[in-house]
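Everything on this sheet refers to the single structure shown next.
Residue numbers (the numbering used here): 24 to 248.
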């Protein structure tokens, strides 16, 4: 905390901080999900994981690695994976009753089959082990949390943070969804739709400047012409 860091164009912000020198546009989509870059200058805050797109920046860090915005997002994902969904709690209660019953049935087969069905002790024990293996609920118990963690991970890879398996189940009951995030249902890429030419020379100068800029508005302007 308090360290001075210099970020070249194209570099990634390593820690949260406040800009002390320079001006640039930062791609904060890994943090906020917004596709359009955000203009930053002296006094503005920057977040770990953001990408510096244009100018040279110097900033003073305000958090360490464990306290950065990116670290908080990672912790949110880990906590979500640790929360137990209702289906997991049901499977645990089911297995707590089901497993002893299966175990007792297997013992009964091993002890009473030679007397009831007139088979050898070897066959009776073999049949008991078959029942124990087939009826074991371990696959059911293991598959449930693995499926939930896989779903949470798949969402996270697409930039969607789900607070836990409980909310995955609630999703099946949703009737209406409201989106308010650029890049979710829109491309987030500006497009020039109208122009009003006042001075041909000004247009030539502006296009020459925009041609070498990586800013989305500049790219949209150049693409239109």
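Beta carbons: idealized from backbone N, C-alpha and C, even for Gly.
The beta carbon of residue 26 sits closer than 6 Å to the beta carbons of 84 from its chain, once the five residues preceding and following it are set aside; these are given in chain order. Going by DSSP, residue 173 is part of the alpha helix (DSSP H) stretching over 161-180. Between residue 32 and residue 79, the C-beta spacing is below 8 Å.
Going by DSSP, residue 146 is part of the alpha helix (DSSP H) stretching over 144-157. Listed as beta-bridge partners of residue 35 by DSSP are 74.
Under the 10 Å beta carbon count, residue 166 is surrounded by fewer than 16 other beta carbons and is classified as exposed. Counting of Cβ neighbours within 10 angstroms places residue 82 among the buried residues, the total reaching 16 or more. Here the alpha carbon of residue 59 sits roughly 42 Å from the alpha carbon of residue 112. Per the C-alpha coordinates, the member of 161, 186, 162 and 159 positioned closest to residue 172 is 186. Non-local C-beta neighbours of residue 67 in its own chain, meaning closer than 6 Å and more than five positions away in sequence, comprise 42, ordered along the chain.
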